[in-house]
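If you read the sequence shown in the UniProt record's numbering, its first letter stands for residue 1, the second for the next number, and so on.
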Amino acid sequence: MQVPHVVVVMSTFNGAKYLERQLDSIFAQTGVDVDCFVRDDGSSDDTVALLRRYAEHQPRLAFIAGQNVGWKRSFLTALSQAPVADFYAFSDQDDIWKPEKIRVTIETIPENQRSGLSFAHCNKLKVDDDLKEWPRQQHKIPSPSSLQWATLNGYAQGCALVMTKQLRDLVVRSMPLDENWGHDYWVGLLGYLFGHVYYTPEPLLYHVIHGGHGGNVSDTGNLFTNQMQKLKRMFDKGHFPNPAAYLLRNYSDMLNDDQRAFYERIAGYRRSLAARRWLAFRSGLYPQSRIERAAFRVFVMLGLY
């Protein structure tokens with residue numbers, strides 16, 4: 001079997017402190033032919049200088065210094081500008097990958113699907129700055145249980161996924177740069193709607209949480225603070241993604257009849273009180289936590305979704 005050619009796509013922002021060790025782990029990948037394409041998102045530290053120095057001795061690193069547009073737009077822009085490859089992977093600037101990370105994730109995709117609209121994602125280990133594992137590990141679900149779930153919830157973290165060239169081409173065919181949706185949410189949704197999603201439970205990267213203490217807020221008993229932080233994030237644009245109108249405009253030719261009917265109903269939810277009630281309470285669109293479900297229903301009834 002031919003060794004797969006993979007481009008690792010990264011967006012950096014003031015990441016000089018940890019970037020080099022992640023680049024080292026990318027170029028230490030085994031069983032694959034790796035290039036790395038980086039878009040810097042307007043860093044003010046030494047990130048660009050570090051990239052320039054690293055590229056002097058690693059010709060398979062290419063980078064551009066861009067203006068600050070935020071990580072969501074930056075990742076999608078970088079993906080659209082990356083060179084041609086068999087597969088594409090996203091990378092955070094401060095994680096550390098195990099040497100077999102890309103190879104094992106690709107092998108999770110059946111051979112007869114590696115030239116189709118497919119992606120695979122892997123498990124990860126959450127660690128602190130000293131690479132000590134958090135006592136509680138939160139694992140992503142392998143694949144959404146329904147169209148409704150995939151529409152409202154992200155499930156595949158960008159740093160953990162590898163996609164085929166065919167899926168990458170579909171993703172960049174029309175990029176929602178003004179929608180404030182994460183690149184991983186968008187890849188996950190298109191992969192679910194039009195292709196195949198695969199998952200390996202093997203933890204293949206160390207996902208670094210800076211300033212952590214080995215737990216989350218609720219682990220320390222401060223549940224109120226945790227819930228208030230969640231509530232604050234809900235008012236950010238894009239927290240409850242509504243891709244219905246965008247999909248109908250740009251991917252209508254690929255939606256099946258059930259998908260199209262579902263998204264048409266969502267897109268027209270503001271037309272009547274009955275339509276809002278359906279979306280809020282009977283559509284099957286349910287965020288994961290109770291407080292998010294309550295907020296989502298309020299947003300829908302007010303016409304703010």
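Virtual Cβ for every residue (Gly too), placed ideally from N, Cα, C.
Approximately 15 angstroms separates the beta-carbon atoms of P142 and L189; this is outside 8 angstroms, ruling out the contact. Within the same chain, no Cβ atom closer than 6 angstroms to the Cβ of V69 is found once the five residues on either side in sequence are excluded. Residues of the same chain with a CB within less than 8 angstroms of the CB of R60, apart from the 5 flanking positions on each side, are F27, V34, D35 and C36 in chain order.
In the DSSP assignment, T105 falls within the alpha helix (DSSP H) that extends over K101 to E107.
Here N153 is buried, its C-beta having at least 16 other C-beta atoms within 10 Å.
Judged by DSSP in its simplified three-state form, L19 adopts helix.
Exclusion of the five residues before and after S44 leaves N14 as the residues of its chain whose Cβ lies within less than 7 angstroms of its Cβ. Its Cα nearest to that of V84, the residue L167 stands out among G191, L167 and R297. Residue burial is scored here from C-beta neighbours: L193 has at least 16 other C-beta atoms within 10 angstroms and is therefore classed as buried. Between the segment 122–136 and the segment 158–166 there are three or more C-beta pairs closer than 8 angstroms, enough to call the two in contact. In this structure I102 is buried. Its beta-carbon is surrounded by 16 or more other beta-carbon atoms within 10 angstroms. Across the structure, Q113 and D95 are spaced so that their CA atoms are roughly 28 angstroms apart.
In the three-state DSSP reduction, N112 falls in the helix class (H, G or I). Distance from the CA of T200 to the CA of L273, rounded to the nearest whole angstrom, comes to 43 angstroms. In this structure A267 does not touch L279 by the C-beta definition: roughly 10 angstroms separates them, more than the 8 angstroms allowed. If you draw a 10 Å sphere on the C-beta of F262, you find 16 or more other C-beta atoms in it, and that means buried. Within the same chain, F27 come within 7 angstroms of Q58 by CB-CB distance, once the 5 residues on both sides are set aside.
Secondary structure at I64: strand, using DSSP grouped into helix, strand and coil.
Of the other Cβ atoms in all chains shown, fewer than 16 fall within 10 Å of the Cβ of E111; this residue is therefore exposed.
Look at E292 here: in three-state DSSP terms it is helix. Exposed is the label assigned to A294, since fewer than 16 other Cβ atoms lie within 10 Å of its Cβ. Here the segment 64–78 makes contact with the segment 169–186; the two share three or more CB pairs at distances below 8 angstroms. Under DSSP, R39 shares a beta bridge with S11 and I64. Within 10 angstroms of the beta-carbon of H139 lie fewer than 16 other beta-carbons, which makes it exposed.
In the DSSP assignment, T30 falls outside any alpha helix (DSSP H) and carries neither an H nor an E. One Cα belongs to S118, the other to L50, and the distance between them is close to 34 angstroms. I96 carries a strand assignment under DSSP once its states are collapsed to helix, strand and coil. In terms of CA proximity to T12, Q67 leads the group D128, Q2, Q67 and S25. With fewer than 16 other Cβ atoms from the protein chains shown falling within 10 Å of its own Cβ, G284 counts as exposed.
Straight through space, the alpha carbons of I109 and L147 are spaced by roughly 21 angstroms. In this structure, the straight-line span from the alpha carbon of V172 to that of S80 is close to 6 angstroms.
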